[in-house]
Every structure is written in C-alpha cells, then in structure tokens.
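Under the numbering used here, the first residue of the sequence shown is numbered 8, with each subsequent residue one higher.
Don't be surprised by glycine CBs; every beta carbon is placed ideally from N, CA and C.
I have placed the structure first, in the form of structure tokens, so that the comments after it can refer back to it.
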Amino acid sequence: MNLTQKIIKAHLVSGNPIPGEEIAIRIDQTLTQDSTGTMAYLQFEATGTGKVKTERSVAYIDHNMLQASQLNADDHAYIQSVALAHGIYVSKPGNGICHQVHLERFGKPGKTLLGSDSHTPTGGGIGMLAIGAGGLDVALAMGGAPFYLVCPKVVNVELRGRLNKGVTAKDIILKVLETLTTAGGVGKVMEYTGDGVKYLTVPERATVTNMGAELGATTSVFPADEKAREFLKAQGREEDYTPMYADADATYDEHIVIDLAELKPLAACPHSPGNIKPVSELAGKKVDQICIGSCTNSSYLDLMKVAAVLKGKTVAPGVSLTVSPGSRQVLTMLAENGALADMIAAGARVLECACGPCIGNGQSPKQGAVSLRTFNRNFYNRSGTPSADVYLVSPETAAVSALTGVITSPEGIKLPDIKMPKKFLINDNLILKPEDFEGGEIVRGDNIKPFPKGKALGETLTGEALIKLGDDITTDHIMPSNAALLAYRSNIPYLSDYCLSNCDKDFPARAKELGGGFIVAGSNYGQGSSREHAALVPLYLGIKAVIAKSFARIHKDNLMNNGILPLVFVDAGDYDKIEQGDKLRIDDALNGVDNGTFALVNETKGITVPLRLECGARQKNMLICGGSLNSVARK
Ligand code: MIC
Ligand code: SF4
8 MNLTQKIIKA HLVSGNPIPG EEIAIRIDQT LTQDSTGTMA YLQFEATGTG
58 KVKTERSVAY IDHNMLQASQ LNADDHAYIQ SVALAHGIYV SKPGNGICHQ
108 VHLERFGKPG KTLLGSDSHT PTGGGIGMLA IGAGGLDVAL AMGGAPFYLV
158 CPKVVNVELR GRLNKGVTAK DIILKVLETL TTAGGVGKVM EYTGDGVKYL
208 TVPERATVTN MGAELGATTS VFPADEKARE FLKAQGREED YTPMYADADA
258 TYDEHIVIDL AELKPLAACP HSPGNIKPVS ELAGKKVDQI CIGSCTNSSY
308 LDLMKVAAVL KGKTVAPGVS LTVSPGSRQV LTMLAENGAL ADMIAAGARV
358 LECACGPCIG NGQSPKQGAV SLRTFNRNFY NRSGTPSADV YLVSPETAAV
408 SALTGVITSP EGIKLPDIKM PKKFLINDNL ILKPEDFEGG EIVRGDNIKP
458 FPKGKALGET LTGEALIKLG DDITTDHIMP SNAALLAYRS NIPYLSDYCL
508 SNCDKDFPAR AKELGGGFIV AGSNYGQGSS REHAALVPLY LGIKAVIAKS
558 FARIHKDNLM NNGILPLVFV DAGDYDKIEQ GDKLRIDDAL NGVDNGTFAL
608 VNETKGITVP LRLECGARQK NMLICGGSLN SVARK
C-alpha cells in the first residue's frame, strides 16, 4: 500500500476505499482559524454537541488581526470562549499562523487532521493526512462525526536528486503546479517519494504540501522519516513520532518524476498560482513591494535565509519590504539570535505573526504595483489593489530582489550553512487549555448574526441566469476578503452585498431584486479557499443551483452542505447555450437529485440542456433536506 492508503485504511469508518467512491474517515484532530471559525463554532453550537470528541481540536486566531473597530476583537472573544467551553485548545492572537503552529506543536504522523482552512494539508509535511474543509464539516467532525470524502486517486510525485543553490521547496511546488495546473489535483492526493525527499527538512516539505492546495488536491503527504523524527524531537515531542512510509512495492494511480537538480527558480505570475514562468524570464522587472511570510514560507529556516541575504545591506529605495514570521516560536528565535535585527537594519517592516497581507489584511500595494510575495495565492484583487500584479516566489528570490529593486534570480546564491535547530524555543503560554477554564461564559458580540439555513428542495426551480462566469472562478471572486470585509465573517447579510463583486458589482443587487436564481460558470468553479461564506452568501441571496463545467472539491462540498445544487453540463459545449438574463427552469428536481440527471429548460432560448449531479447517496439526501444541518437534525 501507499502511505495515503495506509492512513485511510487505519481511519476508515464506512465505504469502499476505491478511487471515486464516497468513504468516511475518522478524524483525530481538527483546527479552525478565526475567519472561518466564527461560522464553524456557530454551526458547532447548532449541532448541540457538548465537548469535542476528537483527540485534539485547536482554535487559532491568526487571520482577522486588524482591529479597526470592535468587530474582530468581539469575534475573537466569542471564539475563545466557545472553544474553551467545549474542550478545544485556543492559540491566541500573536501565537502565529494556524498551519505553522499546528505543525510545530500538535501535528502527529499517521493522524488525520481536518481544518476549516484550505491550507490544512501543511500537516502532510510531517506525514499526516491533513485535509481542508468547510466550517460545517469541521464542526461535525469536532462532534465525533466522520468526514465524508470521495476516495482520492493517489499520485506519486517522485523527487529525484538534490536542489541546487538558490532553488527551493517553493520551486518544487511551483513546478508541480506548472505540470498539473490549478485543477490538476482535484480528486487526488499527491504523495511524495524518491531519494530527493531525504534532503528536504520538515518545513520545506510543509511548503510543498501547503501549496498543494493550489492544485485543488484533496491533500499532499510526505513520509514520516528520520527528518520528521528530528523535527519532532527539536520541538520537544519525540514521543509523537511514528514512522510512516509507503510499502516498497506500493502502487499508485499516477506517477510524476521531478528531477530536483534540473529545477530553476520559478514564479507564479498574475493572477493565478498556476501561471508559472522561470524567474530568469522575469528578471529586471521593477518591483514596488515585497512581502515575505504566510503559511507557505514563514518558517525559521525560510526567515534565517532571508536574514542572511539582507544582513549588512539595505532594501532598494523603491521597495517596501514586509516580513511576517509564521509563529511566535520563529519570531522569538530570530530575535534571540540577531537575525531579526539584521532584517530590521536592512529596512524590513516586521509585521505580526499572522496571515496579514496574504489575505489582503493590510499592505495593499499602490495602484499598478508589482508585488513579489512568498505566499501561495495571487488571485485577482486578493491583495486589495485590483490593478496590482502579484508574483509568487521563494523567500530567496524575494530577498535578493528586495536588495536590487528588480526581480532577480537567486540561482547560485552563497548563503551561510543554515541548519535546522537541534532544539526549537518552546513557549506554549499563548495556547489556552480548556481544562484551565471550566465553566466560562460564551461571549457574543453584536456582529454575530444568524446564519442562513437551507430549505428542503422544491419540485420546480425557476429563476434567471443571474451571471455567466468563465473558468477558474475563485472563492476570492465569489466572496472577496479584505481588511474591510474580514470583520464581517459572522455577518452574512452584510457580506451579501459584495458577493461576486470582483466579477460584477451589480450582481448582489440583481440577485436581491429577482429573489435569487442561478449562477452559470466554466470549469474549476470555486477554486481556492475553504470559506463557507462563498456558499452561505449565495444561499442568502437565493441561489438555487450553480451550473458549471466542473467544481473545486471544497467549494462543491460547501454548496451541498448548504443545500445548493452543484450541477455540471453533460456536454461542456452547452455552456454556450445560456446567456446572462436567460429564464431557466428545472422540473422534477427531487427525482433529478435521486437519479443524478436533470433537464434544464432555457425558456428564453426554447431549448433543453442536460445536467448531471455528481455525488453520493448521503449528499443527495442532504440536498433534498436543504443542507447538512437539516439532514443531521432529521437523523
Ligand atoms: C485563504 O488563504 O484563502 C484563507 C483566507 O486562509 C482561506 C480561509 C478563509 O477564507 O477564511 C482558506 O484558505 O481556506
Ligand atoms: Fe493565512 Fe494566507 Fe495561509 Fe490562508 S494562505 S492561512 S490567509 S497565510
């Protein structure tokens, strides 16, 4: 067996673990973060569960850090109090980005982790099967329910040889993205093997598994070998180590080989993580802003390399350089060994240990800027500046470019030998343990508004095609997130006025005026974030179905969990037969859900288009009841 199959087998609750079949797996650990967490905990409360049933659940506060009004602080107080009341650990603001901290302090090889954040697969760097999901799925898992998923195919990504100087783990995942594209991982787990693995440290592996989310993959995983043991030992957790490997004769559904010695520094160009070019082709392009950090590239090793490049030099006059360490552990270690002072002396603007600019929460660059970031997403307008061009690169590329002021390849760069620490600095005093806070009250700010609940499916669905979208519509298009909107993550009515505003500012008003309708889209609809808001807000606006060429995994689940039909064209060419404003009708919807086929009547054009619903019996039942909470309540 391969490693993925082994972990699935050890956690299988129901179903036949054959690719394409729905299976249910036991979840050992969960994580939430604050921008999806308020909604997840409201849903968790709605399930009526007492204490969590997992081995470890952690609520992180790391996204909505800008406190420009009382709203975010109110939501933080809710999360902290509701989590502690239900047996959930809390990682306080300032302690770091959920994925980095979870890897450092909680992740365990061979365990399953479900997180209400699409970059939860970071845990695959230490041999976990770590999966991102919508808040509702995580809420149910906290209550002891298994997680349902389509049993993935397993792709063997064989890493051969060793990276050259200046070429990094970021370039490995950018290469995989170039090879497979942003929809190439849907329904698949990327399992890394090969002699190249042993040269990669756990944080480097975590960079690769983290950004595997951009492939649309279910998750990515590395073996838990000696490097994983050393990492856990250095984190004072050697007892959490279990060796995890694929069998020598393991078989895979697909196989890709990457020769690490052949790799060059790469960049993802605007506006997609899959739009890859060699850095050498972009060399010389003037840069206005450089942001180093995010859950992809903010480890101790990453920032030590950045500090070494910057030491004794000054950031170019035209560049604003920010550095956000991934965790307080990283920040404190850099402070103690002087690397932080080197970065500050060079002119870096040091931000707190949080997502920050990665989610458009501050540091929006100037109009038309070129911004080089070590992050994982450069979707249109995610930076908060629609006219900015964001390029995703490695910390090394970012650091050398910060000094020259133009995109510069770090190939062949000479750095001092930076080693993984034998012992990380451990201080868990910002992690609150529920046992220390028995009987606390749950604090609810005024910003918490009831979330919309789906209604049982009707026989006939009617409405207009309210909008017609192209391919690769991201959740950042559907439900934009920026410094102004993040504070309203627990207020769906407020957010509804911004739904799809990155595509068409008038969409929300049109949907409200017409009392809902249909969204029509191309392929890979809903790629990116796990934010359930991208389903809850359309639900609030009365969207009955999204009709697309194909869907991204987490978003499709979020739609179904909230009772919205994700329907695909049987013939992708029929996409051309629907225009915005066409009057659409689906008759006999209940039977349609049952047998998975629908006839969409386009009344305006006088034609009928066949559609398909691709899901299992459990999800069909959920859609008929009007969403997951309704079907759980009925049970
Ligand atoms: C992201 O990177 O897009 C986010 C912000 O972390 C999201 C979660 C959210 O929208 O709150 C994600 O990755 O799931
Ligand atoms: Fe935070 Fe960015 Fe990572 Fe999302 S991708 S968890 S916003 S750092």
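Suppose you measure from the CA of residue i to the CA of residue j; what does that come to, to the nearest Å?
i: proline 230; j: proline 128; result: 14 Å
i: proline 393; j: proline 116; result: 41 Å
i: leucine 121; j: lysine 320; result: 43 Å
i: glycine 461; j: tyrosine 48; result: 18 Å
i: isoleucine 104; j: glycine 603; result: 40 Å
i: lysine 643; j: serine 306; result: With the chain represented from 8 up to 642, any question about residue 643 goes unanswered, as that position is not in the structure.
i: alanine 241; j: tyrosine 248; result: 12 Å
i: tyrosine 67; j: lysine 556; result: 35 Å
i: tyrosine 259; j: valine 228; result: 13 Å
i: asparagine 102; j: valine 286; result: 33 Å
i: histidine 562; j: threonine 611; result: 29 Å
i: isoleucine 283; j: valine 553; result: 29 Å
i: aspartate 254; j: glutamate 261; result: 16 Å
i: isoleucine 233; j: alanine 274; result: Reading off the sequence, residue 233 comes out as glutamate, not isoleucine. Cα to Cα, glutamate 233 sits roughly 31 Å from alanine 274.
i: alanine 80; j: glycine 134; result: 35 Å
i: asparagine 609; j: glycine 524; result: 13 Å
i: glycine 452; j: serine 42; result: 15 Å
i: glutamate 237; j: arginine 112; result: 14 Å
i: proline 332; j: leucine 147; result: 32 Å
i: threonine 643; j: leucine 222; result: The shown model of the chain, from 8 to 642, leaves out residue 643, and the question about it has no answer.
i: lysine 182; j: arginine 167; result: 14 Å
i: histidine 126; j: glycine 201; result: 24 Å
i: valine 357; j: asparagine 637; result: 46 Å
i: alanine 346; j: proline 250; result: 33 Å
i: glycine 477; j: glutamine 626; result: 26 Å
i: isoleucine 499; j: glycine 142; result: 14 Å
i: serine 371; j: arginine 380; result: 12 Å
i: isoleucine 263; j: methionine 218; result: 17 Å
i: leucine 110; j: alanine 213; result: 8 Å
i: glutamate 52; j: glycine 634; result: 16 Å
For residue i, which option in the options has the closest C-alpha, if you only look at C-alpha atoms?
i: valine 544; options: Met486, Ser530, Asp578 and Ala596; result: Met486
i: alanine 176; options: Pro210, Leu143 and Tyr155; result: Pro210
i: isoleucine 571; options: Val600, Asp232 and Met8; result: Val600
i: methionine 149; options: Gly57, Thr611 and Ile414; result: Gly57
i: valine 337; options: Pro573, Val108, Val413 and Ile25; result: Val108
i: serine 76; options: Ala490, Lys612 and Ala516; result: Ala490
i: valine 161; options: Glu418, Thr11 and Ile438; result: Thr11
i: leucine 73; options: Phe605, Leu493, Arg517 and Gly291; result: Leu493
i: aspartate 595; options: Leu468, Glu520 and Cys622; result: Leu468
i: glycine 465; options: Lys421, Met350 and Cys632; result: Cys632
i: isoleucine 438; options: Leu19, Leu91, Ser21 and Ala31; result: Leu91
i: valine 639; options: Gly243, Gly55, Cys360 and Ile297; result: Gly55
i: aspartate 435; options: Thr226, Asn569 and Gly243; result: Gly243
i: arginine 169; options: Asp69, Leu308, Glu185 and Thr208; result: Thr208
i: alanine 355; options: Gln374, Leu410, Ala290 and Lys373; result: Leu410
i: glycine 412; options: Val577, Gln374 and Thr404; result: Thr404
i: leucine 548; options: Asp504, Asn628 and Gly446; result: Asp504
Which whole-angstrom value describes the C-beta separation of residue i and residue j, a residue pair presumed to lie in contact below a C-beta threshold of 8 Å?
i: valine 164; j: methionine 197; result: 5 Å
i: tyrosine 85; j: threonine 45; result: 6 Å
i: alanine 395; j: serine 378; result: 6 Å
i: valine 330; j: valine 313; result: 7 Å
i: leucine 643; j: leucine 591; result: Shown here, the chain extends from 8 to 642; a query on residue 643 therefore has no answer.
i: isoleucine 474; j: phenylalanine 514; result: 5 Å
i: serine 123; j: valine 89; result: Contact flag wrong, Cβ pair sits at about 14 Å.
i: histidine 93; j: valine 65; result: Histidine 93 to valine 65, Cβ: 12 Å. No contact.
i: proline 441; j: tyrosine 199; result: Wrong, their Cβ atoms sit about 35 Å apart, outside the cutoff.
i: glycine 114; j: alanine 220; result: Their Cβ separation, rounded to whole angstroms, is 16 Å, which puts glycine 114 and alanine 220 out of contact at 8 Å.
i: serine 497; j: lysine 456; result: 7 Å
i: alanine 353; j: aspartate 295; result: Not a contact, Cβ separation roughly 17 Å.
i: proline 24; j: lysine 16; result: 7 Å
i: histidine 540; j: leucine 502; result: 6 Å
i: aspartate 178; j: proline 272; result: 6 Å
- request: Kindly provide the chain-ordered list of residues whose Cβ lies closer than 5 Å to any non-hydrogen atom of ligand 1.
  value: Ser42, Thr43, Asp124, Ser125, Ile366, Ser536, Ser537 and Arg538
Stretch pair the region 247–267 + the region 394–402: three plus CB contacts closer than 8 Å: no
- prompt: How do the region 606–624 and the region 583–597 stand: do at least 3 beta-carbon pairs fall below 8 Å, yes or no?
  reply: yes
The region 474–491 / the region 531–539 touching (three or more Cβ pairs under 8 Å): yes
task: Check whether the region 361–372 touches the region 294–304, taking contact to mean three or more Cβ pairs, one atom from each stretch, closer than 8 Å.
output: yes
task: Say whether the region 473–481 touches the region 508–516, bearing in mind that this needs 3 or more beta-carbon pairs closer than 8 Å, one atom from each stretch.
output: yes
query: Three or more C-beta pairs closer than 8 Å, one from the region 28–43 and one from the region 124–141: is that the case here?
result: yes
field: Given 8 Å, three or more beta-carbon pairs between the region 179–196 and the region 515–534
entry: yes
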